[in-house]
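Asker: Submitted below is the structure of interest, expressed as structure tokens.
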Amino acid sequence: MKLTGAEILCESLTRLGVRHIFGYPGGAILPVYDALGKSKLHHILVRHEQGATHMADGYARASGGVGVAMATSGPGATNMVTGIATAMLDSSPVVCITGQVSSKLLGSDAFQEIDITGITMPITKHNVVVSRAEDIARTVREAFVIANSGRPGPVLVDITKDAQQASCDFNWEASAPKLPPKRKRINYEPADFERAVELLNNAKRPLILAGHGIMVSGAMRVFDQFVHAGNLPVAMTLLGIGCFPASDPLNLGMMGMHGEAWVNHAIQEADLLIAVGMRFDDRVTGDLRTYAKEARKIHIEIDRSEINKNVKVDAALVGDAREVLEQLLPRLEHRERGDWLGHIRELKGDSAVKDIQGLPDNGHLYAAHVINDLWKETRGEAIVVTDVGQHQMWEAQYYHHNQPRTLVTSGGLGTMGFALPAAIGAKFAKPESDVWVVVGDGGFQMTMCELATIVQEKIKITIAIINNGFLGMVRQWQEFFYDKRYVATPLVAPDFAALANAFGIRGERITSRADVTPTIRSARESAESVLIDFRVEQEDSVYPMVPAGGALHEMIRRPDSPLVETATEP
Amino acid sequence: MQTLVAYVENKPGVLNRVASLARRLAINIDSLTVGPTENEEIARMTIVAHTDEKGAHRLEASLEKLVDVLLAENISERSLLERDLALIKVSADQQSRPHLMELIKVFRARVIDVAPESLILEVSGTVDKIDGLLEVLRPFGVLEMARTGRIAMTRGSDLLRPPGASSNGAEAEPAVKAS
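In structure tokens form, the structure reads like this:
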């Protein structure tokens, strides 16, 4: 059967199980768009190619499958760069397909020609130029395998226009992936494993550091068994949130720069850290010289290059988190740990983080109120997609996720503008889910053009803008470290509710706490998308805070407030 | 200084990926040689890098994450042979030529081109040996030099074979420890 390269691409994507493609057309990708029109693939027209990559990323994170983004050559491809880097830093399986000028023109500075594989080399797991129709099927199949195996990541496939237009025989069986043979590595010697078992069973003050890798490897069930078998308390990384229920008494909450104070203290006092699918990022460790000095460390991690990168460990178990935990589980012995768990409870009693939840309504609306009420009203079951900054940290602190893949956020790269497009992707992955965007007034203005995509696709997403009139996190740093010189952080914004109306979306503006829950409820009941502009306290800060490069146990705490009351559970 | 050997796919862009990775890790490459192996689809690299053992581990582990890299191994601590090859064009007139020939004999270099005012020498060996020869040639006037950079191989039964290759028709190569 003879097909054009463009038809082969569409057929291959269909056979790989793709249903949605987020993209934007242009000259060098037009043959593919022509073929797309004849296929069963659903193309979502974005408003900017950065949005396409974030949507594919959000799709991947919410579903666990591969997200696909598409763009033309030149500026279409370069606009994808931020989204690709975001997916790279958070190990998200995204396949980007870009058009390229015809192979005869390569290197001639033709109209809209750019070396996108050169540009994206350090921010993709792999990338490749395809200049023959015969190579398209195999290359795309390989891209999917690479993107979603081992430690996942983005793959870019750049297809020249002549390869899209040329015809050749299409044979699916003959185009099976042919990846270079890799050397088999034994994950660890029996001695490493035995050392890990011994450390686990002899620890007096153990603590698990749970990361994104647990979700990626689908280890949630065995992780739960492991935690309870060993009676081991768990601290979460930002991207680990959801891999273990927040409602479990052994889940202490988030660690790191804006982690719970008791979690950071517990890390500093532990005698054993069991790191699972996490990479000791600087936002998690603070100053490495003072990090967890008391603790021996076990590192369970699929990426060998992460071992001993930031923190020297005593036992490295390189491998898939699920497989390693399954091997460890039968050897793990139960311990009561009354003293250690009791001590952590005492530390927790000293928390200021939770206190803001109980602030009475004194006329000021706090972001924490909004997040807390959203959590209660959605019973913790929504997919929440956050941007980057203060609201992101408040969400991580006050929205308690019990299910994996219900928090979608840009961790490693910290990409402002991520939330709205990523939420669109998440909605396509989980159409039955209640999808919420929690975003600041700064980040929202970076990609708000995608409101039009929501309207064009007729999807239901609810957008909560945590609007404090500042680039809040930067303002907070200026308050703490630059003597309150607020340079370039006060932010003028449009009337977001009116803006939403202009796009054909219902808009609300909320200024008092009494209106928060009713508005959330009514937005949830609406069949269409709603945008809610929450006007919150302008100069509130995220506490606790470990200053960048500071010791993990030396946190800036919320100044004592006379208004503190006990937090209420829903 | 750390020495790594890598087997890579013999195709365009792979050298760029390897070099780009070292750049990203802020590791300075002292020399990098690449050449074909007995299998034309696979090339072998010897990378000598200005870094410590920890840096070499990161480079090795990160190299193996590249799709086109089949194997990367830090062999710095192993028993190995290293060789560098140099072509050196040195000034040589009637008067200095006999002295030069003496030195050439001592260093086991070869004269591969003779011109009225110069000679081209070929010398191979360890880096120290070539540096030593260079030192004594300098007073005569070194006009031009080209060096290959180091290639390295582990001694004896310590085989470093690309995955999938049989070791002399014997059993498949053993898997190695990950960390």
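Chains A and B are the protein sequences, given in the same order.
To convert, note that position 106 of the first sequence is 106 in the working numbering; the numbers rise steadily by one, no gaps.
If you count the second sequence from 1, you need to add 1000 to reach the working numbering.
Glycine included, every Cβ here is placed at the ideal spot set by N, Cα and C.
(1) With a threshold of 8 Å between beta-carbons, can B/Gly1156 be considered close to chain A, or not?
(2) Compare the C-beta of A/Asn308 against all C-beta atoms of chain B and say whether one is closer than 8 Å.
(3) Assuming contact is defined by CB atoms lying nearer than 8 Å, are B/Arg1155 and B/Leu1081 in contact in what I supplied?
(4) What number of angstroms, rounded off, separates the C-alpha of B/Asn1010 from the C-alpha of A/Leu179?
(5) Does B/Leu1081 come out as helix, strand or coil in the three-state DSSP assignment?
(6) With respect to the beta strand (DSSP E) encompassing B/Asp1030, which residues constitute its N-terminal and C-terminal limits?
(7) Since A/Ala275 and A/Ile300 should fall inside the 8 Å C-beta cutoff, what is the C-beta to C-beta distance between them, to a whole number of angstroms?
(8) How would you call B/Ala1172, buried or exposed, if buried means at least 16 neighbouring beta carbons within 10 angstroms?
(9) Exposed or buried, which one is B/Glu1117 when buried takes at least 16 other CB atoms within 10 Å?
(10) Should B/Leu1159 go down as buried or exposed, given a rule of 16 or more other Cβ atoms within 10 Å for buried?
(11) Determine, using beta carbons only, whether B/Leu1071 comes closer than 8 Å to chain A.
(12) In this structure, how does DSSP classify A/Glu565 when only helix, strand and coil are distinguished?
(13) Rounded to the nearest angstrom, what separates A/Ala246 and A/His401 at their Cα positions?
(14) Please report how far the alpha carbon of A/His553 lies from the alpha carbon of A/Trp262, in whole angstroms.
(15) List the whole-angstrom C-beta distance separating A/Asp314 from A/Gly550, where the pair is believed to meet the contact cut-off of C-beta under 8 Å.
(16) Please list the terminal residues of the continuous beta strand (DSSP E) segment that includes A/Pro177.
(17) What residue range is occupied by the uninterrupted beta strand (DSSP E) comprising A/Ala235?
(18) Are there three or more Cβ pairs, one per stretch, closer than 8 Å when the region 314-325 of chain A is compared with the region 438-457 of chain A?
(19) Using a Cβ-Cβ distance under 8 Å, would A/Met121 count as near chain B?
(20) Among the residues of its own chain, which have a CB less than 7 Å from the CB of A/Lys348, if the five just before and after it don't count?
(21) Could you say which of A/Lys182, A/Asn467, A/Asp162 lies nearest to A/Ala6 if we only look at CA atoms?
(22) Using DSSP with H/G/I as helix, E/B as strand and the rest coil, what is A/Ile505?
(23) For the beta strand (DSSP E) containing A/Asn251, list its first residue and its last residue.
(24) List the residues of chain B that A/Ser305 touches, going by C-beta distances under 7 Å, in chain order.
(25) Is the beta carbon of B/Glu1060 less than 8 Å from the beta carbon of B/Ala1072?
(26) Which bits of chain A does B/Pro1163 rub up against, with CB to CB less than 7 Å?
(27) Out of curiosity, what's the CA-to-CA distance linking A/Ile465 and A/Arg132?
(28) So the beta strand (DSSP E) A/Phe244 belongs to, where does it begin and stop?
(29) Secondary structure at A/Ala352, three-state DSSP: helix, strand or coil?
(30) Could one say the Cβ of A/Ile159 lies closer than 8 Å to chain B's Cβ atoms, at least one of them?
(31) Any beta carbon from chain A within less than 8 Å of B/Arg1017's own beta carbon?
(32) For chain A, find out if any of its Cβ atoms is closer than 8 Å to the Cβ of B/Asp1068; answer yes or no.
(33) If you draw a straight line from the C-alpha of A/Tyr59 to the C-alpha of B/Asn1074, how long is it?
(34) Nearest to B/Gln1002 by CA position, among B/Arg1017, B/Glu1040, B/Val1034, B/Arg1058, is which residue?
(35) Using only alpha-carbon positions, find the residue among A/Ile116, A/Arg221, A/Ile267 that is nearest to A/Thr82.
(36) For A/Ile300, go through chain B and note every residue whose CB falls closer than 8 Å to its CB, in chain order.
Answerer: In short, the structure shows the following:
(1) False, the Cβ-Cβ gap to chain A never drops below 8 Å.
(2) yes
(3) yes
(4) Approximately 13 Å, taken between the alpha carbons.
(5) strand
(6) 1028-1036
(7) 7 Å
(8) Residue confidence for B/Ala1172 is low, a pLDDT of 48 falling below 50, so the modelled location carries little weight and cannot support an answer.
(9) Result: exposed.
(10) With fewer than 16 other Cβ atoms within 10 Å, it is exposed.
(11) yes
(12) Any reading at A/Glu565 needs caution, since the residue's pLDDT is 38, under 50, leaving its predicted position unreliable; the model's value is listed next. In this structure, A/Glu565 counts as coil in the three-state DSSP scheme.
(13) 6 Å
(14) 9 Å
(15) Rounded to whole angstroms, the Cβ separation of A/Asp314 and A/Gly550 is 25 Å, and the two are not in contact under 8 Å.
(16) Note, A/Pro177: premise wrong, no beta strand (DSSP E); not H, not E.
(17) 234-236
(18) no
(19) yes
(20) Trp262
(21) Closest in alpha carbon position to A/Ala6, among A/Lys182, A/Asn467, A/Asp162, is A/Asp162.
(22) Coil, per DSSP.
(23) 251-254
(24) Arg1058, Ala1061, Ser1062, Lys1065
(25) yes
(26) Simply Pro181, Lys182, Arg183.
(27) 47 Å
(28) Taken as a continuous stretch (DSSP letters only), A/Phe244 belongs to no beta strand (DSSP E), as it is neither H nor E.
(29) With a pLDDT of 49 at A/Ala352, under the threshold of 50, the modelled position of that residue is not reliable, and no figure is offered here.
(30) no
(31) yes
(32) yes
(33) 39 Å
(34) B/Arg1058
(35) A/Ile116
(36) Simply none; closest approach about 12 Å.
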